[in-house]
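This report concerns only the one structure given below.
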Amino acid sequence: MSKDQDDIRALDACFKAARAAPLEPSDALLARVLADAEAVQSDMQHPCAHAPRARGSRLLQAVRALGGWPAMGGLAAATVAGIWIGFSPPEQVEAYFSAPDAAYIVDLAPGAGFDLAGGSL
4 MSKDQDDIRA LDACFKAARA APLEPSDALL ARVLADAEAV QSDMQHPCAH
54 APRARGSRLL QAVRALGGWP AMGGLAAATV AGIWIGFSPP EQVEAYFSAP
104 DAAYIVDLAP GAGFDLAGGS L
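If you read the sequence shown in the working numbering, its first letter stands for residue 4, the second for the next number, and so on.
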């Protein structure tokens with residue numbers, strides 16, 4: 004226990020010495036800070052020096068908003084696939100929409116149905 008008390012006393016002595024002689028920033032540091040502040044203020048007074056690029060046409064803005072040209076490529080591919088499937092649908096899609104009881108069509112292999120009446124499969 005005395006070792007802990009000795010450590011605490013030594014630490015208290017270090018803190019007391021630090022409080023007795025507070026550190027002040029050097030003149031060189033203050034000069035650098037002030038020079039940086041003046042540079043920032045001069046940039047803020049001349050906004051044209053850092054003007055943003057021209058935004059471009061509305062089409063280019065829309066492309067950027069959607070994620071750029073890679074995203075536009077994916078959207079174009081999905082659009083073409085949707086149009087293709089819409090004009091020449093696969094047989095399963097045609098059979099689904101042309102059947103009279105389309106709500107009851109289940110995509111199962113023949114003989115894999117469920118017998119709800121309780122009979123055997």
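Built from N, CA and C at the ideal position, the CB exists for glycine as well.
- Non-local beta-carbon contacts of Leu78 in its own chain, meaning distances under 8 angstroms to residues more than five positions away in sequence, involve Leu69 in chain order.
- One Cα belongs to Ala23, the other to Ser29, and the distance between them is close to 18 angstroms.
- The alpha helix (DSSP H) runs of length 4 or more contained entirely in the region 27-52 are, from start to end of the chain, 30-48.
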